[in-house]
Amino acid sequence: MQEAGEQNAGGRGQGGKMQEARGPDAGSEEREQRATDVAAVWGAALTAVHCSHCGEAHLVPEDALSETEGNAIPLLCPFCFQGPVTPQPAYLREEPPEQVLPYSVPERKLAGILDQWTRGMWFRPAELKAGALMQRVRRYLIPLWLVDGRVEGTWRADVGFDYQAVSYQDRYSDGRGWSSQEVKEGRVRWEPRVGRISRAYENLVAPALDDHRALMARLGDGSTELAEVFDLSQRTGYSPEAVTGAAVRIPTLEPEAAWPGAEAAFARAAGAECRQAAGAEHVRDFTLEAEYDDLNWTLLLLPAYVTWYREGERVWPVLVNGQSGRVSGVRRASTRKANVTSLILGGVALLLFLVGGLLALLGAALPPVSVVGVVLLIVGLLLAVVTPIPAIGVWAFNRRSSPHRRR
Amino acid sequence: MNDTDHPTALWPPPEGFVPVPSRVDGIELYAPAPKEEPEETRTFKCRYCGGTIAYSATQRQLTCPYCGRMQELDAEEVGQAAAEFEFTLQTMERREYGWGEERRELVCESCGAVVAVAPDVLTSTCAFCGSHRVIARDVTGDLLRPTALVPFVVDQDRCQAQVAGWLGRGWMHPPELRSVRVLRELTGVYLPFWTFDARIRADWKAEVGTERTERYYSDGKWKTRTVIDWRWRSGRVHLPINDYLVAGTTHVSRVILRKVVPFDLDGLVEYDPGYLAGWQAKAYDVQLQESWEIAKEEMREQAKRACYSDTGSSHVRNFQMTADFADERWRYVLLPVYLASYRFEDRTFQVMVNGQTGNVAGQKPVTWLRVWLAIAAMLSPGACLGLLGLLTLALGGVGVFGLVGGFILLVAGLIGAIFVFQKARASEEV
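The listed protein sequences correspond, in order, to chains P and U.
Counting from 1 along the first sequence, just add 535 to a position and that's the residue number in the working numbering.
Counting from 1 along the second sequence, just add 183 to a position and that's the residue number in the working numbering.
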C-alpha cells in the first residue's frame, strides 16, 4: 500500500500543481544548483532563513534580514525566538502557494486580545504587556496540503447502528417497599460490511509540517482537529500581498513524505462515506485497500501571529490564531519582581522586630513603651511569616504554567 | 475497474455475504446474508414409505414407526449458548414467528389450553385437564418462534414405569390408584418457558447493628447486658443471574411444575420443527413482558437478600437499596414434559413427568380416613399418658412423671401429625 501511495504521490507531479518542496538543510550539490528564487516564484520580497536553535526554516521579508545585517542584534527566529537565523538557499516547488486563509483578526484588534490575555496576574513582567507584545508582533503563515484525488478499491469495516434497549432501575426502602423505573439505554449494534469504492474527494487535509499536530493544538485550544481550529471554507486564492511582510514556515513534509497523512485523510473520508452508504451511525475497524488516481496537491497558508516577551533568561513566544484570535503561550510571572518584594517585606519585618525588641527592653525602665515594643514585635513576626509568599507564589505559578508540566 | 485489479485480501466478499443497497453512488455494499428462512411449513413424512414420522426420544432422531427407518436432525446442541435477545422493539420485530412446520391447534373448551399438533393427529382429550371438549382450528401465526428446545430423552415406556411406581407409592393414597387408566393417557408436550439473564448492581445503605456486651450497676450489684451499636453502612453487590426460568403457560399447575424441575439447559438444541414431530407443543399464553415482570421481582429479591447478607449482621434497620439491571436478555424455549390427567371418584388429577430427567410429580387422591387415623395414632399415646398422669396425680406424686411424659409425647405427636397432614394436603394441591 505504501508503495502504491508513494508511487502515486511521486507520479502526480507531472499532471498536478505540486512538484516538490525541500527544507533548506536538505542540500545536495544538484539541489543547490536548483535553489528557488523565492522572490520570483512567490512574487514577494521573501528570503529563506534557517534557525540554528530550533532548526526550522522560514521565509522572512528581505528587508527584515537586511535591517539586521551588520547590526549587533541579528534577526531572531520567528518561531522560537531563541536563536538567530541565517540565510540559506531554499528548495521549493516552482509554483507559489495556491491558496491562503485570510486573517479574520486584524492587527488593530490584536492589541485588545493580547491585553486581555496578559491581564489578571501578579508580578507581570514588564515585557508581558499588550503594547510591548504588539511592537514585536509579526504575521506568521503555516503551510498545509490540500489533496484531491480519486479512490478505487475495496473496503471492509464494522458499521454500527444505534438502537434503544429497555433496562430497569428498582429501588427498595424499608416501609415503602419496591418501586421500579424503566430506563432507556442507547446501544450500538455492530455488523460487518465489505464493498468496493470508486469515489473522488477534494481538499482533504494533509500536514505539511512535522509538528503540525502540536501547532494545531496550540492554535486550537487543545483540539488537533483542523476543522475545529480553522474554518477552511473562507480560503481564497494566493496573492503576493498575502505574504508580504509575513514570516512563512517552509514545509518540512513534501508530498512524498506527506502521503501517509493524505492517505489517512482519504481513508477517513472513505470510511465516513461507507458508513453513510450503509445507513449506519458509526464505523470502526475500517480497512481500505485502494489505488489513488488524479492526485492534485494544493498548498494552503494558514494565518497566525507571533510575538514574544523576555522573562528571566529566556524568551517566551506567543502564538495567536489569525482567524479565531485564540492566544497560545506561557504567561510567566516575574521572579525578579517577586523576589524583590519578598526581600523588602523581609527587611521591614526585620526592622520592626529589632525596634520592637529594643522598645521591649526599654520597657523595663519605662513600662508603657514595652506595650508598643510588643505590638511591633508581633507585627514584625506576622510580616516575617508572609515575607516568602510572593517568591513562593510566583515560583508555584510559573511551575504550573510551565509547558513541560502542562503537557 | 475489474475484480482482478483489487487486492485479494478484501475481495471477493467472504462467503455468505450478499449485495445490499447502498445510499452513496460509487460505493458497493455487501452484508452477511440473512439467516435462511426455513420453509414456511414442513411436513414430516417418511421418504421411503410415506408414513408420518416422529421424533424418537430413545433414538434421538426422526423415526418412521411403519418401516423403522431413521432420519437425523442437523440442529446443533448449543446448551446455554442458545441465542438470547435484548429487550428492544427492533429485536422483537426481527424475531421469527410461527412453528416452521404444518400444525393445527387443539383448543380445550374446558380449560382453555391450546396445543399445536401435527395435522393428522386425531385426539379428543385435553392433556391438561382430561376434558373431551376439544376442538381443532388453524394455527394463529402471531406467536414468536422458539429459539431452542430440550428434546425428549425419557420415552413413553420408561415414563409409564416411573408413573406407575410413583402412583403405587404411599400409604395415604387409595390402593385403586395402581390400576387407574392414567398410564394410557400420557402425552408428551413441549411446554413454553421464558429464560432471563441479567446483571444486577445493587447499592445498599442501612443502619447496621453490632452487638456488644456491657456491664452495668443496678440494685446494688453488677450485671451484664447486650446492647446494639447502630452505624450507617453502605455497600455494593454484583449479582449475575443466568437462565432464570419462568413458565410461559398458566395451564399447568405451578406447584407441580416446581416439583418436576430442574431442567438441564446444557441440553438445549437450536429450534428445529423436527423435534416436534409426533409430539404436542404448547404455545405460550403468558407474554414476554408479563414473564419478565415475574422474573424481575424474583431477581431483585435475590439482590435484596445478597445485600442483607453483605451487611454482615443480623441487625439491620432503615435498609435502602437500588438495583440497577443491565444486560437483560431473554429467550423463548420449549422444555419436554409428559402430562396426564386422570379421573378418580369424579375428580380430575394431574400428573407431570420431566421429559429430560424422568422426575414425576402430580396430584394424588388422599384417603383421608387413613390420614385421620394416622394422626389419631400419633396423638393418642401422649394424650393417654397425660390423662393417666393427671389421674395418678390426684392419687399421689407419681402422676407428675406421667404428665410430663404425656406432654412430651403429645408435642412429638403433634409435630408428626402436622407433617402428615401437610403431606396429604400437598398430594392433592394443584
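Every residue, glycine too, gets a C-beta built ideally from N, C-alpha and C.
When Cβ pairs closer than 8 Å are counted between the two stretches, the region 561-570 of chain U is seen not to touch the region 366-383 of chain U, the count staying below three.
Ranked by how close their Cα comes to the Cα of isoleucine 924 of chain P, the residues P/Glu629, P/Phe658 and P/Val783 have P/Phe658 in first place. About 7 Å separates the Cβ atoms of leucine 459 of chain U and tyrosine 373 of chain U, confirming a contact at the 8 Å cut-off. In the structure shown, glycine 796 of chain P adopts helical secondary structure according to DSSP, grouped into three states. Within the model, the alpha-carbon separation for valine 595 of chain P versus cysteine 612 of chain P is close to 10 Å. Residue pairing by DSSP places proline 678 of chain P opposite P/Leu836 in a beta bridge. Comparing alpha carbon positions, the residue from P/Ala873, P/Leu887 and P/Glu726 closest to valine 910 of chain P is P/Leu887. Separation of arginine 398 of chain U and histidine 498 of chain U (C-alpha to C-alpha, rounded to the nearest whole angstrom) is 21 Å. Excluding five sequence positions before and after glycine 578 of chain P, the CB atoms of its chain that fall closer than 6 Å to its own CB belong to Pro775, given in chain order. One alpha carbon belongs to aspartate 340 of chain U, the other to aspartate 447 of chain U, and they sit about 22 Å apart.
Taken atom to atom, the span from the alpha-carbon of leucine 894 of chain P to that of glycine 847 of chain P is near 42 Å. One Cα belongs to glycine 881 of chain P, the other to threonine 922 of chain P, and the distance between them is close to 5 Å.
If you look at glutamate 763 of chain P, you'll find it in the alpha helix (DSSP H) that goes 761-764. According to DSSP, asparagine 831 of chain P shares a beta bridge with P/Asp683.
Of the other Cβ atoms in all chains shown, fewer than 16 fall within 10 Å of the Cβ of asparagine 425 of chain U; this residue is therefore exposed.
Contact between the region 484-503 of chain U and the region 379-395 of chain U is present, with at least three C-beta pairs closer than 8 Å. Look at the region 791-824 of chain P: the residues with a C-beta under 7 Å from a C-beta of chain U are Glu808, Cys809, Gln811, Ala812, Ala813, Gly814, Thr822 and Glu824. Interface flag for threonine 571 of chain P against chain U is unset, since no Cβ pair is found closer than 9 Å. Within the region 735-763 of chain P, the alpha helix (DSSP H) runs of at least 4 residues that lie entirely inside it are, in chain order, 747-754. By the C-beta criterion, the region 510-526 of chain U is judged to be in contact with the region 535-542 of chain U, since at least 3 inter-stretch pairs fall below 8 Å. With a beta-carbon spacing of about 4 Å, alanine 812 of chain P and valine 207 of chain U fall inside the 8 Å limit used to define contacts.
Cα atoms of glycine 541 of chain U and arginine 483 of chain U: separation of roughly 32 Å, rounded to the nearest angstrom. Relative to the Cα of alanine 509 of chain U, the nearest Cα in the group U/Gln254, U/Phe268, U/Asp257 and U/Met253 belongs to U/Phe268. Distance between cysteine 232 of chain U and methionine 253 of chain U, taken at the CA atoms: about 12 Å. CA-CA distance, alanine 646 of chain P to proline 678 of chain P, rounds to 25 Å.
Straight across, the Cα-Cα distance linking proline 375 of chain U with valine 587 of chain U is about 56 Å. For the C-beta of alanine 216 of chain U, not a single chain P residue is nearer than 8 Å; the gap to the nearest is close to 12 Å.
Counted as a single uninterrupted DSSP element, the beta strand (DSSP E) harbouring glutamate 511 of chain U occupies residues 498-527. Taking 9 Å as the cut-off, the Cβ atoms of phenylalanine 379 of chain U and arginine 512 of chain U count as close. Around the C-beta of glycine 596 of chain U, 16 or more other C-beta atoms lie within 10 Å, and the residue is accordingly described as buried. For alanine 815 of chain P, the secondary structure class from DSSP, reduced to helix, strand or coil, is coil. Of all residues in the region 489-510 of chain U, the ones placed with a Cβ closer than 8 Å to any Cβ belonging to chain P are Arg500, Asn501, Phe502, Gln503, Met504, Thr505, Ala506, Asp507, Phe508 and Ala509, in chain order. Not one beta carbon of chain U lies nearer than 9 Å to the beta carbon of aspartate 650 of chain P. Using a 10 angstroms sphere on the CB of cysteine 291 of chain U, the tally of other CB atoms reaches 16 or more, which defines it as buried. Taking 9 Å as the cut-off, the Cβ atoms of arginine 328 of chain U and tyrosine 515 of chain U count as close. Looking at the DSSP output, tryptophan 377 of chain U bridges to U/Val429 and U/Tyr515.
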